[in-house]
Ligand SMILES: CC(C)(COP(=O)(O)OP(=O)(O)OC[C@H]1O[C@@H](n2cnc3c(N)ncnc32)[C@H](O)[C@@H]1OP(=O)(O)O)[C@@H](O)C(=O)NCCC(=O)NCCS
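Residue numbers (this note's numbering): -2 to 154.
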């Protein structure tokens, strides 16, 4: 079985972790529900789906409280991975936590999946400047996903 190295990064009192325990996964779901269900109005059955069973979950804590989340979907037959559900609680935004999340995710992918050369994301339009700042490029026209405008973006690593 493939050994997985778990990355942890620190910035002041923020700790970003690859979720390993059931509690850490539940903490990631808590953040996603706060952001995508309560704030953006996505129905819960669309937010939490079957891919959560196979995904790698990422969760950030500030003083032991979950404040940010995301998930990585790896396809063994592909040279790309998908990063989804990146979310930071509203009061923690614009504090570089999203960037810290993406840096941890990219380091995790590089270390554990050396054959992967592309990270793909379906990005909400408003978040595209955030991703472009980290080297992502837009690869599709605008499309609707769950009533929210998105564009495909990707980064070669
Ligand atoms: C998108 C999101 C994850 C960004 O997280 P964040 O922690 O606020 O981002 P950071 O503080 O790390 O941002 C780093 C840089 O990205 C850019 N940026 C971040 N959010 C931005 C926005 N809404 N509009 C334009 N640029 C933005 C800025 O240049 C920022 O640096 P600055 O604050 O020094 O100007 C967060 O806004 C969020 O959770 N939004 C709601 C959920 C969502 O839409 N997720 C995206 C799904 S594709």
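Just so it is clear, CB atoms sit at the ideal spot from N, CA and C, and this is done for glycine as well.
{"Asked": "Below 8 Å, is the gap between the Cβ of residue 121 and the nearest heavy atom of ligand 1?", "Found": "yes"}
{"Asked": "Please report the straight-line C-alpha distance between residue 49 and residue 35, rounded to a whole angstrom.", "Found": "19 Å"}
{"Asked": "How long is the line joining the alpha carbons of residue 5 and residue 77, rounded to whole angstroms?", "Found": "With a pLDDT of only 46 at residue 5, under 50, the local geometry of the prediction cannot be trusted, and no value is derived from it."}
{"Asked": "Please classify residue 14: is it buried, with 16 or more other beta-carbons within 10 angstroms of its beta-carbon, or exposed?", "Found": "buried"}
{"Asked": "Starting from residue 62, follow its DSSP beta bridges and name the residues at the other end.", "Found": "59"}
{"Asked": "Going by C-alpha to C-alpha distance, which of 144, 38, 149 and 63 sits closest to residue 116?", "Found": "149"}
{"Asked": "How far does the beta strand (DSSP E) with residue 142 in it extend, from its first residue to its last?", "Found": "140 to 142"}
{"Asked": "Which residues share a DSSP beta bridge with residue 53?", "Found": "69"}
{"Asked": "Which residues share a DSSP beta bridge with residue 123?", "Found": "Looking at the DSSP assignment, residue 123 forms no beta bridge with any residue, so it has no partner."}
{"Asked": "In its own chain, which residues sit with a C-beta less than 6 Å from the C-beta of residue 3, not counting the 5 before and 5 after it?", "Found": "For residue 3, the predicted model reports a pLDDT of 47, less than 50, meaning its position is unreliable; a value from the coordinates is still stated below. Here the set comprises 15."}
{"Asked": "Return the residue from the list 114, 10, 82 and 140 that minimises the CA-CA distance to residue 25.", "Found": "82"}
{"Asked": "On the CB-based measure, 16 or more other CB atoms within 10 Å of its CB, does residue 66 come out buried or exposed?", "Found": "buried"}
{"Asked": "Quick check: what's the CA-CA separation for residue 47 versus residue 132?", "Found": "30 Å"}
{"Asked": "Which residue comes first and which comes last in the alpha helix (DSSP H) that contains residue 148?", "Found": "Per DSSP, residue 148 belongs to no alpha helix (DSSP H); it is in the beta strand (DSSP E), 145 to 153."}
{"Asked": "Do residue 22 and residue 44 have their C-beta atoms within less than 9 Å of each other?", "Found": "no"}
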